Amino acid sequence: MPSLRVITTIWIVATEKGVFIRSGSRTGRWYREALANRNVAIRAGRKRVAARVQRASSSTVIRAVNAAYREKYRDLWPDSTRAVVRSSRLNTTLRLIAT
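In C-alpha cells:
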C-alpha cells in the first residue's frame with residue numbers, strides 16, 4: 048500500500064522532556080492519521096526529519112509543553128497560544144521521536 052503524504056502546518060516545541068506537537072482536537076485529520084500510522088515526517092524548510100509519534104500524558108511533561116508553547120509563540124500569536132494550551136487540548140500532545 049502506498050504511504051499517505053499529507054502536508055500540514057503544525058506548531059512544534061522542544062523541552063527538556065523532548066520535542067512535541069499538539070492538535071486542536073482529537074478529531075483533527077493530521078492527529079488521527081499520525082496516531083493511525085505513528086511514522087511521520089516533519090519538514091522545516093528543506094530539512095526533513097523522520098519520526099515516530101507517541102502520546103504524552105505525564106502531567107510534568109504537559110506542564111513543560113505548555114510553558115514551551117507560551118514562551119515560543121505567545122508574543123507573535125497570543126490568541127492562538129492561549130488556545131493551544133487549553134485543557135481540552137492537553138490530551139492531544141504527541142512526542143516526536145526521531146527515527
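The opening position of the sequence shown corresponds to residue 48 in the working numbering, with each subsequent residue numbered one higher. Ideal Cβ placement from N, Cα and C applies to all residues, glycine included. Small disclaimer: the values here were computed from a predicted structure and weren't measured.
Check, Outcome
"Can you give me the start and stop residues for the beta strand (DSSP E) that leucine 82 sits inside?", "Taken as a continuous stretch (DSSP letters only), leucine 82 belongs to no beta strand (DSSP E), being part of the alpha helix (DSSP H) at 76 to 84."
"List in chain order: all unbroken alpha helix (DSSP H) runs of 4+ residues lying wholly within the stretch 112 to 145.", "125 to 131"
"Report yes or no: do three or more beta-carbon pairs, one from the stretch 105 to 118 and one from the stretch 59 to 67, lie closer than 8 angstroms?", "yes"
"Please say whether arginine 99 and threonine 146 have beta carbons closer to each other than 7 angstroms?", "yes"
"Between Asn86, Lys94, Leu137, Tyr120, which lies nearest to threonine 107 when the distance is taken from Cα to Cα?", "Leu137"
"What residues match up with lysine 94 in a beta bridge as DSSP calls it?", "Ala91"
"Anyone know if the C-beta pair for alanine 88 and alanine 97 falls short of 7 angstroms?", "yes"
"Would tryptophan 77 and threonine 56 be called neighbours here (beta carbons separated by less than 7 angstroms)?", "no"
"Quick one: using the 10 Å Cβ neighbour count with 16 as the cut-off for buried, is alanine 103 buried or exposed?", "buried"
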